[in-house]
């Protein structure tokens, strides 16, 4: 049977990325505490395609992913996984992106009631020769109380849910766990949010947030300060989106910087 | 050229709805004030298919819609439009659903600054013999202040954006404008939201909302009371979804009822 | 601390549904083979609220769900889960909806290569007095080859991905597994789709689909015939959506019917 | 009334972007032929915030947009619009992104039947001192027939919808119209797609696509070759996503390059 993908191409264009996108898979993630958590991943995985080849053998991406579907994945695993993809496809550069909801146990601040918070996470890893690059992405929900609204109003202050999305790189050989990012950023909002709050917790969260009003600009700046305290981080970006309760649109802030490694 | 759609089918199943979905079109909507507003519509349009026919002539849906794309549409237009579709497809029952953002001019409550609020709307119309049915759907954004949070806290109160979605039918020959639904429901939240608020407006909205705390249950019940005051309405449903600022999930309430026409 | 939710309401409106929406949780589903599969669920859970009460105790929904998060859920479990929610909230009618991706192992038709297909599923259960209602929803992807395009063209035929969504009820005490629905419907498209296909499989799927052209109307009718063969089913609806490869919109068909139980 | 935004900040962080996101507005776009087309825009507009200021005056973004909502916008207009925003906010760098569906008239290839194709477009413009940057984004739908499937099968070939998304910059003072990008790329798929096709058109499209099979890699490479023919382009990227009809996932290819201006 003819291998059409393998036939010669004459356009002279090496494609930078070609592969599989929007593939849903259950995968296992190693937690900081050493356990393994199953997540539902949405995967994009690509390789470069040298100019002389007409096409990529797409099924090989799926084959490699299937063999890894029962292994506990951490930042480090991706170097090995991508090496296998590279070999199997005879490519030079390979890349994977996976998005997933990760659950972290929280206890309500007064009652101590336990619940599970869903955190949107993202791993992006690439391998080119011996150069391995890994970006960790974590999106955390907070509540924010508007300082202007509090200041100018006789009582009350508008507040809303804010999503803080951080993507970061670390120095070679060093990694951060998702839980490390939570620890770094847990105080950047007016208050954390929780899936389960009893009345005494709701009182605490309301008062705590009101005592601690923050613009989206404040949340961004406090995120930047927090990320700067972690010496393993060599680059980061932060997006803050606040779903304004007094408008039908969001307000948004963004910052990125590189740190000496 | 063979008309495959027109060939005989032997399975004996009359299909209730078959047609075109997720078709994007610019259409013109008549405003209450008599002007015409262009909207971007996402259209689903279907007809029944008698058991003896293998397929529908899908292109005819598009042809009819194209001829109507420059006409100002109101509830009443749909009877005529659907009649044309029914004739062109030799069907018994035809139905159209279109979703669109509709813009209404608002003025900020203190400064009077003008802006345009986007309101998600939906028209659903069907025609079967002489029976014409029309459902108007309108989704309005509000802010809501939590009464429990206000009561139990020393200061502050959590608040958030709430979407109130109403779908309603009117008695034969009577119609409501989108603007009529806004007038009926504009006070059901703790306060309205606005695209453009100056500082004096923000103070007003914050204080007004704090003075007027409402659970999602309150907003639902006040919507029900408001809709009951309009004698033209024979059936309605209301969905309220509140994007809680202290959680990463929503709270939700729903009610439907029929009214004597 | 005052229980504001518990205070008297004077509007006289019993709310039909109020609760929590868009809550993400890992849950365990019992498979037909007896194993348990972890899924990522998006949950809506509601209760009615008698007219005399101002509000619902939302945290109780979360508390019950947390206690069930490690139990293997099947259709039957929901009666017990909903009974607990009803008792805890002193409600008369309670309802849960959960949407999730469920994975089923497939083998490629010629090479036998194994892979995991993601299937969008939905459980909707309600309890009112002793009346328990359960709806199973399953969405399956297929490929469809257009019979008209094949007939009128010298060669080739346009084809595309189709999603077939079935929701069904069974007679009291009888249940269908997700895998049963797959077995019933696996042949309704021009061919099944697979995550992993080697070249010999791709040849098979292409030829099989071309030999078996089907309009969206055919897929709908064949789904209806297939569902009628299962005596446990008392009601079903089928939606077929075909993402046309020659258009930028979909074609769509719908049918529902009740069966004598 | 205190201007909290204007108060001093001591964290020393100049925020790179802060503003308004997910704002829906009707705007007017100048067409190549000189007419004006109303579109529904989703706008993000931001400015930098110098380190000494605590917050941004968000309402000013809305005020400027409102004054531009009746002007016909083209690439060139954005320099003036952004200049106004910069002055009003006393910022150094301002940026706008707007996404919208743009409609182009197509005629079916044989019958000549007219219809309107929806094309997802995006304008991204920024202004920093006198440096104005403008990126035009255009997403076009095609059909693609798989060359491997055609080659190895006795008859038929799987095909599907493909979206080709191009983002590009032009040399200073030169601009491309959306319609120019359509002209450049209209032949990169196996065939164009059309909203309205009569039977004779469907035969044409089916046969044309079958005679012209293309992998996602081919569509990407032909897009690259086409974009290289336009001397005004100084940078571009192309994403091709193919919604495979034999899988439940997509295949994807990406390429970017800079051209000497």
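Chains as they are written, first to last, in this note's numbering: chain U, 1 to 261; chain Y, 1001 to 1261; chain S, 2001 to 2261; chain E, 3001 to 3261.
Here a beta-carbon is modelled for each residue, glycine too, at the ideal position from N, C-alpha and C.
query                                                                                                                                                                                                       : result
Going by alpha carbons, who is nearest to residue 2250 of chain S out of Y/1049, Y/1022 and Y/1016?                                                                                                         : Y/1022
May I ask you to list the residues that DSSP assigns as paired with residue 3192 of chain E?                                                                                                                : E/3142
Please report the distance separating the alpha-carbon of residue 3075 of chain E from that of residue 3122 of chain E.                                                                                     : 11 Å
Alpha carbon to alpha carbon, what distance is there between residue 3168 of chain E and residue 3183 of chain E?                                                                                           : 15 Å
Which same chain residues, not among the five before or five after residue 2113 of chain S, have their C-beta less than 8 Å away from its C-beta?                                                           : 2107, 2196, 2197, 2198 and 2201
Per DSSP, which residues does residue 40 of chain U bridge with? Please list them.                                                                                                                          : U/26
Would you mind giving the Cβ-Cβ distance between residue 236 of chain U and residue 189 of chain U, rounded to the nearest angstrom? I have them listed as a contact below 8 Å.                             : Between residue 189 of chain U and residue 236 of chain U the Cβ distance is about 18 Å, and since that is not below 8 Å, they are no contact.
Just checking my contact of residue 137 of chain U with residue 166 of chain U at CB under 8 Å: how many whole Å lie between their CB atoms?                                                                : 7 Å
Which bits of chain U does residue 3113 of chain E rub up against, with CB to CB less than 9 Å?                                                                                                             : Going along chain U, no residue has its Cβ under 9 Å from residue 3113 of chain E, so there is no contact; the nearest lies around 33 Å.
Helix or strand or just coil, what does DSSP make of residue 3246 of chain E?                                                                                                                               : coil
Drop a sphere of 10 angstroms on the beta-carbon of residue 3098 of chain E, count the other beta-carbons inside from all chains shown, and report buried for 16 or more, exposed for fewer.                : buried
Out of curiosity, what's the CA-to-CA distance linking residue 3012 of chain E and residue 130 of chain U?                                                                                                  : 38 Å
Have a look at residue 3145 of chain E and residue 3158 of chain E and give me their C-alpha separation to the nearest angstrom.                                                                            : 6 Å
Following the continuous alpha helix (DSSP H) through residue 1280 of chain Y, name the residue where it begins and the one where it ends.                                                                  : Beyond the ends of chain Y as shown, which are 1001 and 1261, falls residue 1280 of chain Y; an answer cannot be given.
Give me, in chain order, the residues of the same chain whose beta-carbon lies closer than 7 Å to that of residue 1111 of chain Y; leave out the 5 immediate sequence neighbours on both sides.             : 1198, 1200 and 1201
Along the chain, where does the beta strand (DSSP E) that runs through residue 3105 of chain E open and close?                                                                                              : 3093-3107
Could you say if the region 2061-2069 of chain S and the region 2082-2096 of chain S meet the contact criterion of at least three C-beta pairs nearer than 8 Å?                                             : yes
Listed from N- to C-terminal order along the chain, which residues in the region 24-36 of chain U have their beta-carbon within a distance smaller than 8 Å of any beta-carbon of chain S?                  : 24, 25 and 26
Helix, strand or coil, according to DSSP, for residue 3125 of chain E in the structure here?                                                                                                                : strand
Taking the straight line between their C-alpha atoms, what separation do you get for residue 2039 of chain S and residue 28 of chain U?                                                                     : 13 Å
Quick one: using the 10 Å Cβ neighbour count with 16 as the cut-off for buried, is residue 116 of chain U buried or exposed?                                                                                : buried
Excluding the five sequence neighbours on either side, which residues of its own chain have a C-beta within less than 7 Å of the C-beta of residue 234 of chain U, listed in chain order?                   : 169, 170, 171, 258, 259 and 261
I want to verify the contact list: residues of chain S whose CB lies under 9 Å from the CB of residue 3243 of chain E, in sequence order.                                                                   : 2160, 2161, 2243 and 2245
Using DSSP with H/G/I as helix, E/B as strand and the rest coil, what is residue 252 of chain U?                                                                                                            : strand
Cutting at 7 Å between CB atoms, please list the residues of its own chain near residue 2048 of chain S, excluding the five before and the five after it.                                                   : 2014, 2015, 2016, 2017, 2091, 2092 and 2093
Are the C-beta of residue 1192 of chain Y and some C-beta of chain E separated by less than 9 Å?                                                                                                            : no
If you reduce the DSSP assignment to three classes, tell me which class residue 2965 of chain E lands in.                                                                                                   : Nothing about residue 2965 of chain E can be reported from this structure: the residues present for chain E run from 3001 to 3261 only.
Any heavy atom of the ligand NAD closer than 8 Å to the beta-carbon of residue 1020 of chain Y?                                                                                                             : Inclusion of the ligand NAD in the displayed structure is not the case, the ligand content being empty and no account of it being possible.
Beta-carbon of residue 3196 of chain E versus every beta-carbon of chain Y: anything under 9 Å?                                                                                                             : yes
So if DSSP puts residue 2240 of chain S in a beta bridge, which residue, or which two residues, is it bridged to?                                                                                           : S/2164 and S/2253
Could you tell me if residue 3225 of chain E is buried or exposed, where buried requires 16 or more neighbouring beta carbons within 10 angstroms of its beta carbon?                                       : exposed
Looking at C-alpha atoms only, which residue of S/2060, S/2155, S/2162 and S/2042 is the closest neighbour of residue 3208 of chain E?                                                                      : S/2155
Identify, in the order they occur along the chain, each residue of the same chain with its Cβ nearer than 6 Å to the Cβ of residue 177 of chain U, setting aside the five sequence neighbours on each side. : 32
My understanding is that residue 2243 of chain S touches residue 2160 of chain S, with C-beta atoms under 8 Å, so please give their C-beta distance in whole angstroms.                                     : 5 Å
Sort out for me which residues DSSP pairs residue 2178 of chain S with in a bridge.                                                                                                                         : DSSP lists no partner for residue 2178 of chain S.
At the 9 Å Cβ level, is residue 2011 of chain S part of the contact set with chain Y, yes or no?                                                                                                            : yes
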